[in-house]
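Just below is one structure, and these are the notes that go with it.
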Amino acid sequence: MPAKEAYRAAHRTTDHSGNPDTRRVSGESLVLRNYDDSTQDVQITITDDNGETTFTRSVSVGPQDTVSIQTRLERAVYRVDVRLDNGVGDRADCLLGSDPNECAKIETGNGVVSVVEGYF
6 MPAKEAYRAA
16 HRTTDHSGNP
26 DTRRVSGESL
36 VLRNYDDSTQ
46 DVQITITDDN
56 GETTFTRSVS
66 VGPQDTVSIQ
76 TRLERAVYRV
86 DVRLDNGVGD
96 RADCLLGSDP
106 NECAKIETGN
116 GVVSVVEGYF
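So for the sequence shown, the working numbering puts the first residue at 6; every next one is plus one.
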């Protein structure tokens, strides 16, 4: 198992003391940035490890704007699928939680969209 996957698995179900981790997302779990000079409509679908849709939303992000969204999902790794109106899309598995870096960063620009785990 790759190091990142091992970290996720160890922290997905327990806290640092080995107790069940029942924390909920308390900050931004999705951050969208639009680098274009026109508004982009982004369709977001989040699914859990059972393939069930846990969150879906269409978000308009203005030119050169940033939008933050709280999903209120339980802390876990989710599949984040994003798609623009032009059909271009991307997806990534992201740890969503209450830590500032436990989020999905979605960026649009030049007719493309990307999604990555974390702010950095």
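The C-beta atom is built at its ideal place from N, Cα and C for all residues, glycine as well.
The structure presented is a predicted model; accordingly, all values stated were derived computationally and were not measured.
Exercise. Going by other Cβ atoms of all chains shown within 10 Å of its Cβ, with 16 needed for buried, is Glu57 buried or exposed?
Worked result: exposed
For this session: Just the C-alpha distance for Ser34 and Asp42, rounded to the nearest angstrom, thanks.
Result: 25 Å
Exercise. When you compare each of Thr113, Gln45, Cys108, Val118 to Arg80 by their alpha carbons, which one comes out closest?
Worked result: Cys108
Exercise. What span of residues does the beta strand (DSSP E) with Thr113 cover, start to end?
Worked result: Where Thr113 is concerned, the enclosing beta strand (DSSP E) stretches over 109-114.
Exercise. Got a sec? Which residues, its chain only, sit under 8 Å from Tyr124 by beta carbon, not counting five neighbours each side?
Worked result: Contacts found: Val36, Pro105, Asn106, Cys108, Lys110.
Problem set entry | 8 Å contact criterion, which Val120 and Asp90 should meet: CB distance rounded | Rounded, the Cβ-Cβ distance is 16 Å, inconsistent with contact.
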